[in-house]
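K.L.:
Residue numbers (my numbering): 68 to 1178.
1) I think residue 1071 touches residue 1040, with their Cβ atoms under 8 Å apart; what is that distance to the nearest whole Å?
2) For residue 670, which residues from the same chain have a beta carbon less than 6 Å from its beta carbon, with the 5 sequence-adjacent residues on both sides left out?
3) Can you check which of these residues, 596, 543 and 1128, is closest to residue 589 by C-alpha distance?
4) Can you round the beta-carbon distance between residue 1120 and residue 1091 to whole angstroms, since I take them to be within the 8 Å contact cut?
5) What does DSSP give as the partner residue(s) for residue 908 in the beta ladder?
6) Would you call the segment 679 to 694 and the segment 723 to 732 touching, i.e. three or more CB-CB distances under 8 Å?
7) In the DSSP assignment, the beta strand (DSSP E) including residue 617 goes from what residue to what residue?
8) Express the C-alpha separation of residue 777 and residue 826 in angstroms, rounding to a whole number.
9) List, from N- to C-terminal side, the beta strand (DSSP E) runs of 3 residues or more that fit wholly inside the segment 457 to 523.
10) Please classify residue 389: is it buried, with 16 or more other beta-carbons within 10 angstroms of its beta-carbon, or exposed?
11) Measuring only the C-alpha atoms, how far is residue 397 from residue 664?
12) What did DSSP end up calling residue 877 once you bin it into helix, strand or coil?
13) When the Cα atoms are used, what is the spatial distance from residue 1133 to residue 1159?
14) Pull up the CB-CB distance for residue 936 and residue 821, whole angstroms please, since I reckon it's below 8 Å.
15) Figure out for me which residue from 1069, 1055, 1138 and 576 has the closest Cα to the Cα of residue 509.
16) How close, in whole Å, do the beta carbons of residue 870 and residue 842 come, if the pair is a contact with beta carbons under 8 Å?
17) Less than 7 Å separating the beta-carbons of residue 767 and residue 808?
18) Excluding the 5 residues flanking residue 734 on each side, which residues of the same chain have their C-beta closer than 8 Å to its C-beta?
19) Go ahead and pull the three-state DSSP assignment for residue 1176.
20) Are the beta-carbon atoms belonging to residue 1123 and residue 1153 less than 7 Å from one another?
21) With 16 other CB atoms within 10 Å as the buried threshold, where does residue 771 fall?
22) Determine the closest residue to residue 929 out of 1067, 942 and 959, with distance taken between C-alpha atoms.
23) On the premise that residue 1043 lies in contact with residue 1022, defined as a C-beta separation below 8 Å, what is that separation, rounded to the nearest angstrom?
24) Sorted by chain position, which residues of the same chain lie with C-beta nearer than 7 Å to residue 717's C-beta, five sequence neighbours on each side aside?
25) Who are the near neighbours of residue 1067 in its chain, counting only those whose CB is closer than 6 Å to its CB and skipping five residues on each side?
26) Mapping DSSP to helix, strand and coil, what is residue 882?
27) Can you tell me which of 1057, 973, 435 and 394 puts its alpha carbon nearest to the alpha carbon of residue 917?
28) Mind checking residue 849: buried by the 16 CB within 10 Å criterion, or exposed?
29) Do residue 673 and residue 650 have their C-beta atoms within less than 7 Å of each other?
30) Does the Cβ-Cβ distance between residue 474 and residue 655 come in under 7 Å?
31) State the DSSP-derived secondary structure class of residue 1096, mapped to helix, strand or coil.
32) Would DSSP call residue 1067 helix, strand or coil?
33) Tell me which residues share the same chain as residue 1083 and place their Cβ nearer than 7 Å to its Cβ, disregarding the 5 neighbours each side in the sequence.
34) According to DSSP, is residue 999 part of a helix, a strand, or is it coil?
35) Could you round the C-beta distance between residue 465 and residue 593 to whole angstroms and report it? I think they count as a contact, below 8 Å.
36) For residue 912, count neighbouring C-beta atoms within 10 Å of its own C-beta (all shown protein chains included) and say buried if the count is 16 or more, exposed if not.
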């Protein structure tokens, strides 16, 4: 009987009576070459699918959330069907072979220990067909017991009793559990190991007899295997390709012969005729076609052990061309220094987050975290990259952004990442490509992905097609480092785009970057990018997998950098450190690695002179001292031309200039020799870059100071100090305002004449007059905190005493820097301004990220009468001062610190408050003398943690409330509802006798019922002498609770306002409250409107007593 081709899909094939083995033989005999010429039908009612349809299917599953959920449901049904014990025999094997054996093992469920027990997976028990294909196993088959020592989960092990050609049945068997022994068979044990590459056993047909173990068969292929008769005495055998210990290896009989089902030559790894061939999907790696698990790389599956993983890693060897390319790439990275001067001090990374800059706008900026919240990541680089990608799905691109201000060392860090990969410190990546931003800012639409990886970087590494195909096959092994993306022009929309397909290659570089950022191109790779925290690109990084910030140098790192600079001269090291310590202004600015290296170079130049050295006290003086000698040796007008280029490029958000933009070849040679510009890597000297962003800002300020093209009345706008919220121009060159003030106000003989000569510098006088009039009109009290700090810096650079005194004397008595980042230079300038004002000030330093040394210096000022800062930062300051023995400063820090009013918005806030009370109790166990003013003087406390954290943290708060002897206002209301419930009310009511000063108690929106209201009513008389306002708004109080409150109301002799609106009591409860109100002449307002009371009843009660409010 000739076999007809099956119709329908997989389920029709499963329910048909066709023998699967005959199907295999039929499809193996087909002419595959002719089959490939057949045009695949795209009708929706067929099972065939071409490559484009398959690619679109994958894209839809990733892009559309609803589609992804639909396919997840189908996958769950698929797993449900496969794990059902009704699916028996070769039909299941066909599905298993097509799916990939690894998925079946990893997704299988645990079967009952008793082999005869029926599966409980299906909830329904319909009558099944009587044929053998759908028949369940009523009794356990006779066979050997299998004990596994390295596998968890359930496996389907095939056993047979004869060598006939009929398909063998499947026996559900739970590993790591001992089934009940069959008395009809002797106890036999088979020990087996599992390799990660072959997690599914094959079905073998052998005669009855004893059991032998075959440790390895190199010719064993996956799929349904049939072993010929090995000889008498063999009843069952488990054959699997795996490494075994020497003790367990047994030589197989010589008469064994292995015959596996033939496979299609263009469909490797599967004997299913429905599996797509390799030619159909040329760009898809094989695991993407067969694996449906979400395990990340390096994670052990349930069927893997570490030993097997090592074996599989050894087996996976890269092609020779890939090895050569990687070795060449490593050599190129190691040959380039990460830092220009070769001195590298590791900059610490801080986990960061973005937040909206205002409630009305959508712009995002780096959140200003407290010092203790800035969790420094002290792990190795490989661990940071691994931790940030622990939760990503397979084939999901990982985006890691490192943000930081200019000069913080982002580019040096990015280059050091590539060198770390070259030294083998990032074993999770086979490839690392470093591409700076200036290499990506090129016009044209003729670029491919190969160009981005191999040609555009600073170290072009030509590779053949084999290397590129390997990268496409294993994108999760690729690390792409994109440095200084703020230099990339027109980057809008890179991270946000439509869900449609990408433009076909070749395309523009912007199109390639959009494909990478939108996780459509090279899916599964790791993108590591660096940028500044401001600008349009940073606004789009909210969806990045990890966000890190460069923290800059600490004081210890600044000194370490100085010591490294004078590595072989111990005497010079001490002299240089002494120079720096005598100039605290430059020491505070040295937290920027770029400025720190500039200070080191100036120290070296000063120490080479045979005279008493002294560092300048301004940044303007620092750069003038470095550039004046170079300017004297340069061609006439070269520095002015370079300054004009710096300004024009900065207006366009660029720092890269072409060699043809310089006036002459002589000017180019001079600028490169003096270190003013440097060749961009990978451009063959055709493109140049300024040696640092600060140098570009300084040169741009020089152009504004000496140029006739800039009108005098336009200068004030470049200071960007207007009290308006929006700046008049895009201040991309952030350092220009300070340098401009210094160049114009400092004596020309010391600054501009030393740079550009007297004739050019003679026009500065009229510009100085314009800026003087502008600065005198400014009102410091009207400026926002950030611009006030910028004004301090500009006036310090100017060195004008009259202007400085005008500003500091106009400061308000209370200065709030809430939410404004205070860097070490900012803290230094703020302290200098307050000290010279000779007035008392109160400071709000919460959410400023100020470091402990800066906080201590501000707190120690005699003009600071009180200050507010993060509780954790302040406690950390106290502990450090106590350890250093600075008792006087510790006493001042404790006396000036205040937390009034305090609002707990997180569990951490409550924990910090508990720690503060513990310090108070440690200092004063009796509670009398030695109280902390912050604890003693707290009058208002708000608790707003929400419904999740509120019930958990409220018991901790109750334990310390009695320590606040002056507490008058306790607000437990939150827009998100704390929901402390009846239990929280009971805990709070127990301490009412100790809250003798409490005047306002707000228990609104806390899910309080009658039980809580009754408990509260019983405890309220303890507050009768002090309580003025009580709010129970929007709870669940019914008539019983209202009756209890009405009963206690006359006893609250000081109560003035009671709010019980939006509860659940009826007219009966309202009438009881109204009747009780007549006995309380001291009560001024009873807010009682609630939807459960008829409005007519409420109006009637209000007419009887006008103190009842229905608003």
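The beta-carbon is built from N, C-alpha and C at its ideal position, and this holds for glycine as well.
The model shown is predicted, which means the values in this text are computed figures rather than measured ones.
P.N.:
On the basis of the supplied data:
1) 4 Å
2) 643 and 646
3) 543
4) 6 Å
5) 931
6) no
7) 613 to 617
8) 17 Å
9) The segment 457 to 523 contains these whole beta strand (DSSP E) runs: 465 to 470 and 498 to 503.
10) With 16 or more Cβ atoms within 10 Å of its Cβ, residue 389 is classed as buried.
11) 28 Å
12) coil
13) 6 Å
14) Contact flag wrong, Cβ pair sits at about 43 Å.
15) 576
16) 5 Å
17) no
18) Cβ neighbours of residue 734 beyond the five flanking positions: 701, 702, 705, 708 and 709.
19) strand
20) No, the pair does not count as a contact, with Cβ atoms beyond the cut-off.
21) buried
22) Ranking the options by Cα distance to residue 929, first place goes to 959.
23) Incorrect: roughly 19 Å between the Cβ atoms, too far for contact.
24) Around residue 717: 763, 767, 799 and 800.
25) Excluding five sequence positions before and after residue 1067, the CB atoms of its chain that fall closer than 6 Å to its own CB belong to 1036 and 1096, given in chain order.
26) strand
27) The shortest C-alpha separation from residue 917 is found at 435.
28) exposed
29) Contact: no.
30) no
31) strand
32) strand
33) 1052 and 1056
34) coil
35) 5 Å
36) buried
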